[in-house]
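Once you know that position 358 of the sequence shown is 360 in my numbering, the rest is easy, because the numbers rise by one and skip nothing. All C-beta atoms in this analysis are idealised placements derived from N, C-alpha and C, irrespective of residue type, glycine included. Note that this is a predicted model, so its numbers are computed, not measured.
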Amino acid sequence: GTNTNTGYAAQFNDDSGQGRYTIDRETYGVGIKLKPELFNADTTVAVNYDGYSRNGNRFASYVLGGSDVSGSAARVLQRWRGFNMPINENMNRTTLSASGSPMDFYLSYEGSVERFNNQAQDFRIADVASSSTFLVSSNKPLQFVPDSTQISNNFRLSKTLGSTALAAGYGLSILDQDSFSAQQIALGYDRGNLHTNNAFFTFNSNAMRSVGLEGYVKYYERSNGSSFPVTGLVSATAGEKLDVRINNVQSVSYGLSAAFRPGFWSSSLTTGWKREDRDRDLTWTAVLVPGLNGIQPQRSLYSEKTLSDEVYANFVARPMAGLLLRVTPSYVWADDTGLITEPEKAYGLKSTASYAAQSGWMMSGYFNYKNQQNTTKFFTDALTAPVTDGPRTHQDAHRIQRAAGLAFSKPFGEWINTSANFGWMQNDVTAYFLQSSRRRYEAPNRSVLFVTLDRPDFNVDSYVFSLNGDWQTNDALSFNGGYTYSKSNGNTASGLVLAAIPTVDGRI
């Protein structure tokens with residue numbers, strides 16, 4: 003919390019005062035279903051109306067920009083703030099669904115219109131400027147939540163040809179922004195629109211006696227039709243007016259699997275392969291304009307291409323009466339990753355075992371493991387005199403997840419059932435703690451240098467134990483009871499980060 007000119011989150015300022023935070027949520031719905039007898043055909047139509055309303059308040063935080071504060075160097079300690087924000091919103095949705103079987107095809111449709119309405123106050127910096135003499139009053143929004151309308155349509159068609167099943171579908175969704183902040187209105191931002199298309203085709207064939215084949219192709223596209231550029235708000239040709247704009251995202255995923263029967267333990271073995279190919283159309287700040295600063299691709303961990311493959315096997319066996327085993331190992335590797343959270347490589351294992359005794363009791367257990375890592379992303383230093391790129395500082399994100407559990411159930415007579423469950427999950431995440439000499443917005447006309455400070459570790463174990471029972475006294479009356487105990491412990495950080503935060507935030 004030093005009074006310098008560089009810190010944007012050096013000190014937190016709580017403007018909420020003493021208060022209680024509560025949210026009341028109400029849900030409602032009604033529907034009608036028209037059965038085939040009404041149409042004298044194999045057709046079903048349903049209309050549903052549902053929604054919710056939320057009222058109350060919540061704690062909202064924000065960080066002000068460089069031009070939002072003025073005065074001495076102490077102004078940097080005023081940028082990170084929080085306040086008591088009211089909530090008053092509702093969502094209403096009407097859904098039409100229909101299905102039928104014309105000419106031995108199964109056809110289904112579902113369409114909906116969803117409207118979201120935010121009736122709470124739209125806060126601006128001007129509304130909180132009195133919190134500090136350093137704040138510059140303006141109509142810039144704080145935690146703005148717009149009204150919106152989403153229209154969705156989904157079609158599905160399937161048909162069975164002997165021992166082969168085919169299915170195809172298409173979906174279309176349009177999300178429109180219906181209200182705008184005072185700043186958006188003043189600067190001419192008058193259209194918020196996201197357009198989503200998706201389609202799929204699958205087949206499942208048992209035409210060959212010893213081998214079953216299954217394959218799929220899925221397509222997804224999301225287009226951003228919102229206002230762009232908007233002078234003074236979001237623009238690639240103005241300094242510090244654009245992070246990165248996602249214009250379009252397209253992905254194609256496809257896969258093929260084959261199922262065999264090895265001939266022992268009443269077992270089956272399925273082996274498969276999947277591929278995901280995703281392209282992003284991105285717009286960055288046009289830093290080639292003389293004197294223009296902004297975030298560039300080489301100073302971001304976000305990129306345009308994702309290309310990954312996965313191979314897996316699923317072994318299911320019944321070595322004895324009542325015992326079922328299932329083991330599924332998998333491996334993922336990527337030629338390109340668009341996000342640091344996407345794995346460059348990943349190993350996975352899912353396994354379950356269950357036993358059902360003839361006397362009625364049942365026991366099951368599971369163990370899951372996933373290890374994923376991405377070392378392909380890096381930040382590149384911005385150098386001046388001359389303006390050029392410098393050395394790279396790599397990020398290394400590594401995540402290991404483990405989970406195991408046991409479940410036991412036993413009936414006592416015909417009317418009483420009991421069960422006990424225990425589960426454990428461990429989440430272990432590490433990544434480099436990086437520091438930059440300036441904000442990435444200030445390149446390329448100012449030097450931005452990156453350095454690795456530490457490698458903190460998030461490591462938390464969670465445990466859940468539960469007991470449940472039900473007693474059916476007669477056809478009209480039953481009693482149910484349960485007890486659940488859960489506990490989490492571990493560190494949310496280590497090293498420099500753990501030493502810098504309060505104990506209450508660092509350890510669970």
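Is it buried or exposed for residue i, if we count other Cβ within 10 angstroms and need 16 for buried?
i    : result
L163 : exposed
K37  : exposed
F14  : exposed
L469 : exposed
T343 : exposed
D180 : exposed
I297 : buried
R211 : exposed
T6   : Note on T6: pLDDT 49, under 50, position unreliable in the model; the coordinate value appears next. So T6 counts as exposed.
T346 : Per the sequence presented here, residue 346 reads as Glu, with Thr not at that position. Classification of E346: buried, given that the 10 Å Cβ count is 16 or more.
G499 : In the sequence as displayed, the identity of residue 499 is Val instead of Gly. Buried, since its Cβ has 16 or more Cβ neighbours within 10 Å.
A399 : buried
F61  : exposed
R83  : buried
P292 : exposed
Tell me which residues share the same chain as residue i and place their Cβ nearer than 7 Å to its Cβ, disregarding the 5 neighbours each side in the sequence.
i    : result
Q80  : N15, V71, S134, F136, L137
T96  : Y51, S114, V115
T382 : Q300, R301, D391, G392, R394
S165 : S207, N208, A209
F258 : Reading off the sequence shown, one finds Leu at residue 258, where the question assumed Phe. So the list reads G217, G274, W275, once near-sequence residues are dropped.
By the DSSP assignment, the alpha helix (DSSP H) with residue i in it spans what residues?
i    : result
V130 : 127-130
L500 : 497-502
A387 : Per DSSP, A387 belongs to no alpha helix (DSSP H) and is neither H nor E.
E39  : 38-41
I need the DSSP call for residue i, collapsed to helix, strand or coil.
i    : result
A260 : strand
E112 : strand
I187 : helix
L2   : Lying outside 3 to 510, the shown extent of the chain, residue 2 is not represented and no answer is given.
L235 : coil
R77  : helix
P321 : strand
R442 : helix
S133 : helix
M210 : coil
D124 : coil
G217 : strand
D180 : coil
S69  : helix
N59  : strand
Y10  : coil
V49  : strand
G483 : strand
G296 : coil
I89  : strand
E242 : coil
F118 : strand
S361 : coil
D16  : strand
I153 : strand
Q375 : strand
N249 : strand
G24  : The question names Gly, but residue 24 in the sequence shown is Thr. Reduced to three states, the DSSP call for T24 is coil.
Between which two residues does the beta strand (DSSP E) containing residue i stretch?
i    : result
L469 : 459-476
I418 : 418-432
F452 : 452-456
M105 : Neither: M105 is in no beta strand (DSSP E) and is coded neither H nor E.
D283 : 270-285
P413 : 399-414
S356 : 347-358
Grab me the residues of residue i's own chain with a C-beta within less than 6 Å of its C-beta, minus the 5 sequence neighbours each way, in chain order.
i    : result
N370 : K352, A405
M427 : A405, S464
K412 : W363, T420
I402 : N373, D430
D250 : One point to set straight first is that residue 250 is Asn, not Asp, in the sequence displayed. Counting only Cβ-Cβ distances below 6 Å, and skipping sequence neighbours, we find S225, D283.
A238 : L244, T285, T287, A288
Going by DSSP, which residues form a beta bridge with residue i?
i    : result
A448 : Note that residue 448 is Arg in the sequence shown here, rather than Ala. According to DSSP, which records beta bridges pairwise, R448 is partnered with nothing at all.
A170 : L159, F203
A336 : S310
N195 : D178
N491 : D463
I34  : V49
P143 : R126
Ignore the nearest five residues each way along the sequence and tell me which others in residue i's own chain have a CB closer than 8 Å to its CB.
i    : result
G234 : L189, A240, K243
D245 : I297
G324 : Y357, A358, A359, Q360
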